[in-house]
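For the sequence shown, counting from 1, position 118 maps to 118 in this note's numbering; every step adds exactly one.
Idealized CB from N, CA, C, for every residue including glycine.
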Amino acid sequence: MILKPREVPTELKTLRLLRPRMTLPDEQHYLNLEKGFTGEQQLDTWLENLTTDCFVINDLLLQQNRNFFQIDKMLIFQETIYLLDSKYSKGDFFIDDDKWKTISGIEIQNPQLQIKRSETLLRKLLQQHRMNFPIESTLVFTHSEFYLYNAPPKLPAVFPNQIHRFLEKLNRLDSKMTYKHNKLAEKLLALHFHKNPHTQFPDYDYHELKKGVLCVSCRSFMTDNGVNWVCAKCGYDEDNKTAIMRSIEEYKFLFPNRKITTNNIYDWCGMKSSKKKVNKLLTNRFIRMGHANASYYID
Ligand SMILES: [Zn+2]
C-alpha cells in the first residue's frame, strides 16, 4: 500500500518551469535533479509488483537533531524497515579502498556512506519516539548502463540485473501490517518536511522571464493561431482554454503573491490576440474580486 506517492520535487518543478524562460544559474544542478528523479521513477516502476503486505513511503524528508536526511523509498514490513536509495549513475566504476571511483580514477561521493547516514539518523529518530524497528538499507542502481567492478558480494546494493530476484525476495517475506505499523507510518508522515530549508532556489523576477505558453510535451514556446496553440517544434496543439489554464497554474506556482488579472495573464501568456478570451476564461473558471480596473480573480 503506497501511503505517499512520489511527486515531482518542488525544486525540480520550479527549475523545469523557469528553464525555458531564463538562463538557470546552474544548469548541471538542474540536470542532476532530472537524472535523480528519473532513477527514482525507475525504482518505483521496478517495485510496482510488490505484493507483500507492507507500507510504501516515497520521498521522505526527515530531520534528526538539525540534520536533514532524505529517503528515496521506504518499505515498512512487519519485522523490518527497508530504506532504498536510488543511484542513477551511468558508466563504469570501481571501489578502491572504500573510495568509489570512476574508471578514469575520479573519486565520487561514496553512496554507501550517504545511505548509512540516513539509516543512523532514522534509527535515532525512531528511538526518540520510542519506536524500535530493525532498519536495513540498500542502494539500488537504477541505470541499466551502470557497472561496478570488484563489487564486494556483501555490498548492500541491488544492480539492475538483480532487481527481479530482489523483488521476489521481498514478495516472499512473511509480513502483515498491524496497529503498530500504522502508528509508525503515521508518525513518519507527520514528521515529513515538505520543503528542505537548505534548498536554494534561483532568484527570478517576473519582468525578466520570457513570456509565453510553453508546450506541455517539449517545453518550447507555442504560437497562438487564434483558435488554438501550436508548438512549431514538436507539432503538439492544444485548445485555447487548456493552454491558458495550464499557464495560469505555472504562473500561480512561480508567483503565489502576484494577482491573477486579465492583464497579467495576457502578458504572462505573451498573447497578441484578443484580451477578451482571457477575460472570459477567468470569469468562467475563477471568482472575481473587486471592480472594474481593480478586479482580480481567485480560485
Ligand atoms: Zn512541443
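Within the chosen limit of 8 Å, ligand 1 does not reach the beta carbon of Arg21 with any heavy atom. Proximity of the beta carbon of Ser295 to ligand 1 is not indicated: no heavy atom of the ligand is located closer than 8 Å.
Proximity to Met22 across Gly212, Lys99, Phe93, Asn58 peaks at Gly212, based on C-alpha coordinates. Out of Ala190, Tyr88, Gln112, Cys218, the CA that lies nearest to the CA of Glu40 is found in Tyr88. Given a length threshold of 4 residues, each whole run of the alpha helix (DSSP H) inside the region 81–163 is given here in chain order: 111–128. Annotated three-state conformation of Val56 is strand, per DSSP. In this structure, Lys169 and Asp53 do not form a Cβ contact; the two beta carbons are roughly 15 Å apart against a cut-off of 8 Å.
Relative to ligand 1, Arg219 has its C-beta within less than 8 Å of a heavy atom. According to DSSP, residue pairing for Thr223 in a beta bridge involves Val230.
Between the region 203–221 and the region 22–35, the count of Cβ pairs shorter than 8 Å is three or higher; the stretches touch. Residue burial annotation: Glu208 is exposed, with fewer than 16 other C-beta atoms found within 10 angstroms of its C-beta.
Counting other Cβ atoms within 10 Å of its Cβ, Met271 reaches 16 or more and is therefore classed as buried. Distances from the CA of Pro197 to each of Trp229, Gln70, His143, Ala232 were compared; the closest alpha carbon is that of Gln70.
Gly39 has its Cβ no nearer than 8 Å to any heavy atom of ligand 1. Gln42 counts as buried, since at least 16 other C-beta atoms from the protein chains shown sit within 10 angstroms of its C-beta. Along the region 13–73, the alpha helix (DSSP H) occurs as fully enclosed runs of 4 or more residues at 27–46, listed in sequence order. Within the model, the alpha-carbon separation for Pro160 versus Gly91 is close to 13 Å.
Looking at the backbone, the Cα of Ala190 and that of Thr138 are separated by about 24 Å. Between Asn263 and the set Phe253, Lys280, Pro256, the nearest pair of CA atoms involves Lys280. The nearest non-hydrogen atom of ligand 1 is less than 8 Å from the C-beta of Lys233. Rounded to the nearest angstrom, the Cβ distance from Glu11 to Leu33 is 6 Å, consistent with a contact under 8 Å. Under the DSSP assignment, Glu249 falls in the alpha helix (DSSP H) whose first and last residues are 240–254.
A distance below 7 Å between beta-carbons, with the five flanking residues on each side excluded, links Arg288 to the following residues of its chain, in chain order: Ser295, Tyr297.
The three-state secondary structure of Asp203, taken from DSSP, is coil. Boundaries for Tyr296: no alpha helix (DSSP H) harbours it, while the beta strand (DSSP E) harbouring it runs 296–298, taken from the DSSP string. Taking 8 Å as the cut-off, one finds no heavy atom of ligand 1 near enough to the beta carbon of Tyr30.
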